[in-house]
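Engineer: Note that this note's numbering has the sequence shown beginning at 2, numbered continuously upward. Mind having a look at this structure? Questions to follow.
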Amino acid sequence: MRGSEFADLKAFVAIVERGSFSRAADHLGVSRSALSQVIRKLEGRLDVRLLNRTTRSVAPTAAGTRLYTRVAPMLLEMDEAVAEAVAATNRVAGTLRINTLGMAAKKVIAPRLGAFHRAHPDVVLDIVIDDGLSDIVAGGFDAGIRIGERLQKDMIAVRLTPDVELLAVAAPSYLDRYGEPCLPEDLHDHACINWRFPGSGAIARWSFHKDGKQVETVVEGPLISNHQDIVVPAALQGLGILYAYNDDGIAEALERGELRRVLVDWALTVPGLYLYYANRRHFQPSLRAFIDCLLDRPMMRPPKGRTRRRSALQDRE
(Lines of atoms letter the chains of each structure in order from A and count residues from 1; the text may use other names and numbers.)
(Lines give C-alpha, C1' and ligand atoms only; values in the text may rest on other atoms or scores of the structure.)
Protein backbone atom coordinates (compact mmCIF):
# COMPACT_ATOMS: atom_id res chain seq x y z
CA MET A 1 0.00 0.00 0.00
CA ARG A 2 1.32 3.40 -0.97
CA GLY A 3 1.55 6.14 1.64
CA SER A 4 -1.19 8.20 0.01
CA GLU A 5 -3.58 5.24 0.01
CA PHE A 6 -2.92 4.63 3.70
CA ALA A 7 -3.63 8.30 4.48
CA ASP A 8 -6.82 8.23 2.38
CA LEU A 9 -8.12 5.20 4.27
CA LYS A 10 -7.33 6.82 7.62
CA ALA A 11 -9.30 9.87 6.50
CA PHE A 12 -12.25 7.69 5.47
CA VAL A 13 -12.24 5.85 8.81
CA ALA A 14 -12.06 9.13 10.72
CA ILE A 15 -15.16 10.44 8.93
CA VAL A 16 -17.17 7.27 9.56
CA GLU A 17 -16.24 7.17 13.25
CA ARG A 18 -17.09 10.83 13.82
CA GLY A 19 -20.08 11.04 11.51
CA SER A 20 -18.92 14.42 10.29
CA PHE A 21 -16.43 15.89 7.84
CA SER A 22 -15.85 18.84 10.16
CA ARG A 23 -15.07 16.75 13.24
CA ALA A 24 -12.86 14.41 11.22
CA ALA A 25 -11.02 17.37 9.70
CA ASP A 26 -10.40 18.81 13.17
CA HIS A 27 -9.09 15.45 14.34
CA LEU A 28 -6.76 15.06 11.34
CA GLY A 29 -5.62 18.67 11.37
CA VAL A 30 -6.75 19.45 7.82
CA SER A 31 -9.41 21.66 6.28
CA ARG A 32 -12.87 20.32 5.51
CA SER A 33 -12.45 21.08 1.81
CA ALA A 34 -9.14 19.19 1.69
CA LEU A 35 -10.75 16.20 3.40
CA SER A 36 -13.67 16.24 0.95
CA GLN A 37 -11.20 16.19 -1.93
CA VAL A 38 -9.38 13.20 -0.42
CA ILE A 39 -12.64 11.23 -0.22
CA ARG A 40 -13.63 12.17 -3.77
CA LYS A 41 -10.28 10.91 -5.04
CA LEU A 42 -10.58 7.70 -3.00
CA GLU A 43 -14.08 7.05 -4.35
CA GLY A 44 -12.87 7.81 -7.88
CA ARG A 45 -9.92 5.46 -7.57
CA LEU A 46 -12.13 2.65 -6.23
CA ASP A 47 -14.98 3.57 -8.59
CA VAL A 48 -17.56 3.22 -5.79
CA ARG A 49 -19.43 5.64 -3.54
CA LEU A 50 -18.35 5.16 0.05
CA LEU A 51 -20.27 7.90 1.86
CA ASN A 52 -23.78 9.31 1.64
CA ARG A 53 -23.65 13.03 2.34
CA THR A 54 -26.44 15.42 3.34
CA THR A 55 -26.27 18.97 4.64
CA ARG A 56 -26.61 17.64 8.19
CA SER A 57 -24.97 14.24 8.29
CA VAL A 58 -22.68 11.75 6.62
CA ALA A 59 -22.98 7.96 6.74
CA PRO A 60 -21.29 5.07 4.95
CA THR A 61 -22.97 3.36 2.03
CA ALA A 62 -23.23 -0.43 1.99
CA ALA A 63 -19.86 -0.58 0.23
CA GLY A 64 -18.45 1.97 2.67
CA THR A 65 -19.64 -0.07 5.63
CA ARG A 66 -17.94 -3.18 4.28
CA LEU A 67 -14.71 -1.27 3.71
CA TYR A 68 -14.82 0.30 7.17
CA THR A 69 -15.48 -3.05 8.85
CA ARG A 70 -12.38 -4.55 7.24
CA VAL A 71 -10.03 -1.56 7.34
CA ALA A 72 -10.72 0.09 10.73
CA PRO A 73 -9.39 -2.80 12.89
CA MET A 74 -6.23 -3.00 10.77
CA LEU A 75 -5.55 0.73 11.09
CA LEU A 76 -6.14 0.56 14.83
CA GLU A 77 -3.76 -2.39 15.07
CA MET A 78 -1.11 -0.45 13.16
CA ASP A 79 -1.52 2.61 15.37
CA GLU A 80 -1.22 0.46 18.47
CA ALA A 81 1.86 -1.30 17.10
CA VAL A 82 3.59 2.03 16.50
CA ALA A 83 2.59 3.34 19.93
CA GLU A 84 3.78 0.09 21.52
CA ALA A 85 7.15 0.43 19.81
CA VAL A 86 7.52 3.98 21.10
CA ALA A 87 6.37 2.96 24.57
CA ALA A 88 9.04 0.25 24.69
CA THR A 89 11.71 2.96 24.52
CA ASN A 90 10.12 4.81 27.48
CA ARG A 91 10.56 8.01 25.46
CA VAL A 92 8.06 10.64 26.56
CA ALA A 93 7.17 12.28 23.25
CA GLY A 94 4.45 12.71 20.65
CA THR A 95 0.93 14.14 20.75
CA LEU A 96 -1.34 13.38 23.70
CA ARG A 97 -5.04 14.02 23.03
CA ILE A 98 -7.18 14.72 26.09
CA ASN A 99 -10.96 15.23 26.17
CA THR A 100 -11.98 17.06 29.33
CA LEU A 101 -14.75 18.89 31.13
CA GLY A 102 -14.33 22.64 31.24
CA MET A 103 -14.22 22.66 35.03
CA ALA A 104 -11.46 20.03 35.01
CA ALA A 105 -9.46 21.97 32.44
CA LYS A 106 -9.62 25.08 34.62
CA LYS A 107 -9.13 23.42 38.00
CA VAL A 108 -6.73 20.55 37.28
CA ILE A 109 -4.99 20.97 33.92
CA ALA A 110 -4.41 24.70 33.40
CA PRO A 111 -2.42 25.31 36.62
CA ARG A 112 0.02 22.52 35.67
CA LEU A 113 0.64 23.23 31.98
CA GLY A 114 3.94 25.01 32.57
CA ALA A 115 5.32 22.31 34.84
CA PHE A 116 4.38 19.56 32.39
CA HIS A 117 5.95 21.36 29.42
CA ARG A 118 9.19 22.02 31.27
CA ALA A 119 9.43 18.36 32.30
CA HIS A 120 8.34 16.91 28.93
CA PRO A 121 9.05 19.41 26.12
CA ASP A 122 8.71 16.72 23.42
CA VAL A 123 5.02 16.14 24.19
CA VAL A 124 2.33 18.13 22.39
CA LEU A 125 -0.86 18.37 24.46
CA ASP A 126 -4.01 18.47 22.33
CA ILE A 127 -6.71 19.38 24.86
CA VAL A 128 -10.35 19.51 23.80
CA ILE A 129 -12.89 21.08 26.18
CA ASP A 130 -16.05 18.99 25.91
CA ASP A 131 -18.88 18.89 28.45
CA GLY A 132 -20.90 16.51 26.28
CA LEU A 133 -19.59 13.10 27.35
CA SER A 134 -18.10 12.21 23.97
CA ASP A 135 -16.81 8.70 23.28
CA ILE A 136 -13.05 9.11 23.68
CA VAL A 137 -12.25 5.94 21.71
CA ALA A 138 -14.37 6.92 18.72
CA GLY A 139 -13.01 10.45 18.98
CA GLY A 140 -9.41 9.29 18.84
CA PHE A 141 -8.53 10.59 22.31
CA ASP A 142 -5.89 9.02 24.54
CA ALA A 143 -7.79 9.86 27.72
CA GLY A 144 -10.73 11.81 29.10
CA ILE A 145 -11.55 13.59 32.35
CA ARG A 146 -15.05 13.35 33.83
CA ILE A 147 -16.97 13.37 37.08
CA GLY A 148 -16.75 9.85 38.48
CA GLU A 149 -20.48 9.13 38.23
CA ARG A 150 -20.41 9.85 34.48
CA LEU A 151 -17.47 7.72 33.36
CA GLN A 152 -17.69 5.62 30.24
CA LYS A 153 -17.97 1.89 30.87
CA ASP A 154 -15.05 -0.56 30.60
CA MET A 155 -12.44 2.14 31.22
CA ILE A 156 -9.47 2.33 33.54
CA ALA A 157 -10.00 5.30 35.87
CA VAL A 158 -7.58 7.32 37.98
CA ARG A 159 -8.99 9.58 40.69
CA LEU A 160 -7.77 13.17 40.40
CA THR A 161 -9.77 14.97 43.09
CA PRO A 162 -11.72 14.09 46.24
CA ASP A 163 -15.50 13.67 46.14
CA VAL A 164 -17.35 16.92 45.56
CA GLU A 165 -20.46 18.30 47.23
CA LEU A 166 -23.47 19.57 45.31
CA LEU A 167 -24.68 22.87 46.75
CA ALA A 168 -28.02 24.63 46.49
CA VAL A 169 -27.25 28.37 46.48
CA ALA A 170 -28.98 31.66 45.80
CA ALA A 171 -28.26 35.35 46.04
CA PRO A 172 -29.24 37.07 49.32
CA SER A 173 -31.48 39.42 47.30
CA TYR A 174 -33.51 36.45 46.04
CA LEU A 175 -33.77 34.79 49.46
CA ASP A 176 -34.73 38.05 51.19
CA ARG A 177 -37.58 38.43 48.71
CA TYR A 178 -38.86 34.86 48.42
CA GLY A 179 -37.61 33.12 51.56
CA GLU A 180 -35.60 29.91 51.92
CA PRO A 181 -36.82 26.39 51.08
CA CYS A 182 -36.75 24.05 54.08
CA LEU A 183 -37.31 20.79 52.18
CA PRO A 184 -36.52 19.71 48.60
CA GLU A 185 -40.24 19.73 47.74
CA ASP A 186 -40.36 23.44 48.65
CA LEU A 187 -38.34 24.09 45.48
CA HIS A 188 -41.56 23.79 43.47
CA ASP A 189 -42.54 27.17 44.94
CA HIS A 190 -39.24 28.78 43.89
CA ALA A 191 -37.54 29.92 40.71
CA CYS A 192 -34.73 27.48 39.91
CA ILE A 193 -31.85 27.69 37.44
CA ASN A 194 -31.72 24.47 35.45
CA TRP A 195 -28.75 22.69 33.91
CA ARG A 196 -28.98 21.05 30.50
CA PHE A 197 -26.47 18.25 29.86
CA PRO A 198 -24.36 19.01 26.79
CA GLY A 199 -24.56 16.22 24.26
CA SER A 200 -27.77 14.51 25.39
CA GLY A 201 -29.68 17.76 25.88
CA ALA A 202 -31.45 16.31 28.93
CA ILE A 203 -32.23 18.62 31.85
CA ALA A 204 -30.63 17.51 35.10
CA ARG A 205 -32.86 16.26 37.90
CA TRP A 206 -31.99 17.60 41.36
CA SER A 207 -31.09 14.86 43.84
CA PHE A 208 -30.80 15.37 47.61
CA HIS A 209 -29.79 13.09 50.46
CA LYS A 210 -30.42 13.15 54.21
CA ASP A 211 -30.31 10.44 56.90
CA GLY A 212 -30.27 7.65 54.32
CA LYS A 213 -33.18 9.14 52.41
CA GLN A 214 -32.67 10.29 48.83
CA VAL A 215 -35.09 12.62 47.08
CA GLU A 216 -35.08 13.43 43.37
CA THR A 217 -37.11 16.28 41.92
CA VAL A 218 -37.71 18.22 38.72
CA VAL A 219 -37.69 21.99 39.10
CA GLU A 220 -38.65 24.95 36.96
CA GLY A 221 -37.39 28.49 36.56
CA PRO A 222 -36.47 31.36 34.26
CA LEU A 223 -33.23 29.94 32.88
CA ILE A 224 -31.79 26.72 31.43
CA SER A 225 -28.17 26.50 30.27
CA ASN A 226 -25.34 24.05 29.72
CA HIS A 227 -22.48 26.28 30.85
CA GLN A 228 -21.18 27.54 34.19
CA ASP A 229 -20.48 30.98 32.72
CA ILE A 230 -24.25 31.46 32.40
CA VAL A 231 -25.79 29.71 35.40
CA VAL A 232 -23.46 31.10 38.08
CA PRO A 233 -23.88 34.77 37.02
CA ALA A 234 -27.64 34.17 36.85
CA ALA A 235 -27.63 33.03 40.49
CA LEU A 236 -25.46 35.97 41.48
CA GLN A 237 -27.98 38.33 39.84
CA GLY A 238 -30.89 36.87 41.82
CA LEU A 239 -32.69 34.91 39.11
CA GLY A 240 -33.24 31.93 41.36
CA ILE A 241 -31.76 28.94 43.19
CA LEU A 242 -28.86 27.10 41.57
CA TYR A 243 -27.81 23.53 42.31
CA ALA A 244 -24.23 22.94 41.21
CA TYR A 245 -20.85 21.44 42.03
CA ASN A 246 -18.92 23.30 44.69
CA ASP A 247 -16.29 24.70 42.34
CA ASP A 248 -14.01 27.67 42.84
CA GLY A 249 -16.47 30.24 41.48
CA ILE A 250 -19.26 29.22 43.84
CA ALA A 251 -16.94 28.81 46.83
CA GLU A 252 -15.55 32.31 46.31
CA ALA A 253 -19.05 33.80 45.94
CA LEU A 254 -20.11 32.10 49.19
CA GLU A 255 -17.05 33.46 50.97
CA ARG A 256 -17.79 36.99 49.75
CA GLY A 257 -21.43 36.69 50.80
CA GLU A 258 -22.68 37.04 47.22
CA LEU A 259 -24.39 33.65 47.48
CA ARG A 260 -25.95 31.79 50.43
CA ARG A 261 -26.50 28.07 50.84
CA VAL A 262 -29.96 26.59 51.28
CA LEU A 263 -31.04 23.02 52.08
CA VAL A 264 -27.68 22.53 53.77
CA ASP A 265 -28.81 19.35 55.59
CA TRP A 266 -29.80 17.78 52.26
CA ALA A 267 -26.45 18.22 50.47
CA LEU A 268 -25.41 15.35 48.19
CA THR A 269 -21.81 14.26 47.71
CA VAL A 270 -20.81 12.80 44.33
CA PRO A 271 -17.56 11.27 43.01
CA GLY A 272 -14.86 13.78 42.09
CA LEU A 273 -12.89 14.12 38.87
CA TYR A 274 -11.33 11.06 37.26
CA LEU A 275 -9.01 10.63 34.30
CA TYR A 276 -9.95 7.54 32.32
CA TYR A 277 -8.58 5.68 29.32
CA ALA A 278 -9.20 2.53 27.33
CA ASN A 279 -7.66 -0.74 28.45
CA ARG A 280 -5.15 -1.34 25.67
CA ARG A 281 -2.16 -3.62 25.55
CA HIS A 282 0.30 -0.75 25.80
CA PHE A 283 0.39 2.29 28.02
CA GLN A 284 1.87 5.46 26.57
CA PRO A 285 4.74 6.98 28.55
CA SER A 286 3.33 10.43 27.75
CA LEU A 287 -0.02 9.52 29.35
CA ARG A 288 1.72 8.14 32.42
CA ALA A 289 3.73 11.38 32.66
CA PHE A 290 0.55 13.45 32.29
CA ILE A 291 -1.18 11.53 35.07
CA ASP A 292 1.86 11.99 37.32
CA CYS A 293 1.71 15.73 36.64
CA LEU A 294 -2.00 16.00 37.45
CA LEU A 295 -1.41 14.10 40.69
CA ASP A 296 1.59 16.34 41.52
CA ARG A 297 3.97 13.41 41.54
CA PRO A 298 7.69 14.09 40.91
CA MET A 299 8.44 14.37 37.19
CA MET A 300 11.70 13.58 35.40
CA ARG A 301 13.14 16.63 33.65
CA PRO A 302 14.91 16.47 30.26
CA PRO A 303 18.69 16.89 30.14
CA LYS A 304 19.88 20.49 29.92
CA GLY A 305 20.32 21.78 26.42
CA ARG A 306 17.80 19.38 24.90
CA THR A 307 15.62 21.09 22.32
CA ARG A 308 11.97 20.36 21.88
CA ARG A 309 12.06 20.14 18.09
CA ARG A 310 14.18 21.13 15.14
CA SER A 311 13.76 24.65 13.86
CA ALA A 312 12.13 25.35 10.52
CA LEU A 313 15.53 26.40 9.15
CA GLN A 314 17.07 23.08 10.22
CA ASP A 315 14.17 21.20 8.62
CA ARG A 316 14.89 22.91 5.30
CA GLU A 317 18.60 22.10 5.37
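Glycine included, every Cβ here is placed at the ideal spot set by N, Cα and C. No experiment lies behind these values; they were computed from the predicted model shown.
For C193, which of helix, strand or coil comes out of DSSP?
Structural biologist: Here the question's residue 193 lines up with position 192 in the sequence shown. Strand at C193.
Engineer: In its own chain, which residues sit with a C-beta less than 8 Å from the C-beta of V216, not counting the 5 before and 5 after it?
Structural biologist: Taking the sequence shown and counting its residues from 1, the one referred to as residue 216 is at position 215. Correct list, in chain order: P185, E186, S208, F209, H210 and W267.
Engineer: Span of the alpha helix (DSSP H) holding R289?
Structural biologist: Counting from 1 along the sequence shown, the entry for residue 289 is found at position 288. From DSSP, the alpha helix (DSSP H) with R289 extends over P286 to L295.
Engineer: Might you give, ordered along the chain, the residues of its own chain that have their beta carbon closer than 8 Å to the beta carbon of G250, omitting 5 neighbours on each side?
Structural biologist: The sequence position of residue 250 within the sequence shown is 249, counting from 1. A distance below 8 Å between beta-carbons, with the five flanking residues on each side excluded, links G250 to the following residues of its chain, in chain order: Q229 and V233.
Engineer: Tell me whether the stretch 27-34 and the stretch 49-60 touch, counting them as touching only if at least three CB pairs, one residue from each stretch, are closer than 8 Å.
Structural biologist: Contact between the stretch 27-34 and the stretch 49-60 is absent: fewer than three C-beta pairs spanning the two stretches fall below 8 Å.
Engineer: L76 to K11, Cα distance in whole Å?
Structural biologist: Residue 76 sits at position 75 when you count from the first residue of the sequence shown. Residue 11 sits at position 10 when you count from the first residue of the sequence shown. Approximately 7 Å, taken between the alpha carbons.
Engineer: Mind checking A313: buried by the 16 CB within 10 Å criterion, or exposed?
Structural biologist: If you number the sequence shown from 1, residue 313 lands on position 312. Per-residue confidence for A313 stands at a pLDDT of 32, beneath the threshold of 50, marking its modelled position as unreliable; no derived number is given.
Engineer: Count the other CB atoms, across all protein chains shown, that sit within 10 Å of the CB of V219; report buried if there are 16 or more and exposed otherwise.
Structural biologist: By one-based count along the sequence shown, residue 219 stands at place 218. The residue in question, V219, is exposed, as its Cβ has fewer than 16 Cβ neighbours within 10 Å.
Engineer: For the alpha helix (DSSP H) containing R1, name the first residue and the last one.
Structural biologist: The structure shown does not extend to residue 1, since the chain is modelled only from 2 through 318, so no value can be given for it.
Engineer: Using a 10 Å radius around the Cβ and a threshold of 16 neighbouring Cβ atoms, would you call S23 buried or exposed?
Structural biologist: The sequence position of residue 23 within the sequence shown is 22, counting from 1. That one is exposed.
Engineer: What is the DSSP secondary structure of S58, reduced to helix, strand or coil?
Structural biologist: Along the sequence shown, one-based indexing puts residue 58 at 57. In the three-state scheme derived from DSSP, where H, G and I count as helix and E and B as strand, S58 is classed as coil.
Engineer: Quick one: using the 10 Å Cβ neighbour count with 16 as the cut-off for buried, is M104 buried or exposed?
Structural biologist: Translated into positions along the sequence shown, residue 104 becomes position 103. So M104 ends up on the buried side.
Engineer: Go to F22, then tell me how far its beta strand (DSSP E) extends in each direction, as first and last residue.
Structural biologist: Counted from its first residue, the sequence shown places residue 22 at position 21. Taken as a continuous stretch (DSSP letters only), F22 belongs to no beta strand (DSSP E), being part of the alpha helix (DSSP H) at F22 to L29.
Engineer: Please report the straight-line C-alpha distance between R67 and G133, rounded to a whole angstrom.
Structural biologist: Here the question's residue 67 lines up with position 66 in the sequence shown. Here the question's residue 133 lines up with position 132 in the sequence shown. Distance between the alpha carbons of R67 and G133 is about 30 Å.
Engineer: When the Cα of L240 is compared with those of V72, H191 and A111, which residue comes out closest?
Structural biologist: Translated into the one-based positions of the sequence shown, residue 240 becomes position 239. Considering only alpha carbons, the answer is H191.
Engineer: In three-state terms, what does DSSP make of R298?
Structural biologist: Position 297 of the sequence shown, counted from the start, is the residue given in the question as residue 298. R298: coil per DSSP, three-state reduction.
Engineer: Measure the C-alpha to C-alpha separation of S201 and N247 and round it to an integer number of angstroms.
Structural biologist: Your numbering for residue 201 matches position 200 in the sequence shown. Your numbering for residue 247 matches position 246 in the sequence shown. So the alpha carbons of these two residues sit roughly 23 Å apart.
Engineer: Are A171 and I242 closer than 7 Å when you measure CB to CB?
Structural biologist: Translated into the one-based positions of the sequence shown, residue 171 becomes position 170. Translated into the one-based positions of the sequence shown, residue 242 becomes position 241. Contact: yes.
Engineer: Enumerate in chain order the residues of its own chain whose CB-to-CB distance from G145 is below 6 Å, with the five nearest sequence positions on each side excluded.
Structural biologist: In the sequence shown, the residue the question calls residue 145 occupies position 144. Cβ neighbours of G145 beyond the five flanking positions: N100, I137 and Y277.
Engineer: Hey, how far is the Cα of I40 from the Cα of S21?
Structural biologist: Residue mapping note: residue 40 aligns to position 39 of the sequence shown, counting from 1. Residue mapping note: residue 21 aligns to position 20 of the sequence shown, counting from 1. Their backbone Cα atoms lie some 13 Å apart in a straight line.
Engineer: Can the beta-carbon of G222 be found less than 7 Å from the beta-carbon of I194?
Structural biologist: On the sequence shown, residue 222 is found 221 positions in, with the first residue counted as 1. On the sequence shown, residue 194 is found 193 positions in, with the first residue counted as 1. Cβ atoms of G222 and I194: closer than 7 Å.
Engineer: Please list the terminal residues of the continuous beta strand (DSSP E) segment that includes Q229.
Structural biologist: Here the question's residue 229 lines up with position 228 in the sequence shown. Following the DSSP letters along the chain, one finds Q229 in no beta strand (DSSP E) but inside the alpha helix (DSSP H) bounded by residues Q229 to L237.
Engineer: Compute the Euclidean distance between the alpha carbons of R307 and V159, then round it to the nearest angstrom.
Structural biologist: Against the sequence shown, residue 307 aligns to sequence position 306. Against the sequence shown, residue 159 aligns to sequence position 158. No answer about R307 holds up, because its pLDDT of 43 lies below 50 and its placement is not dependable.
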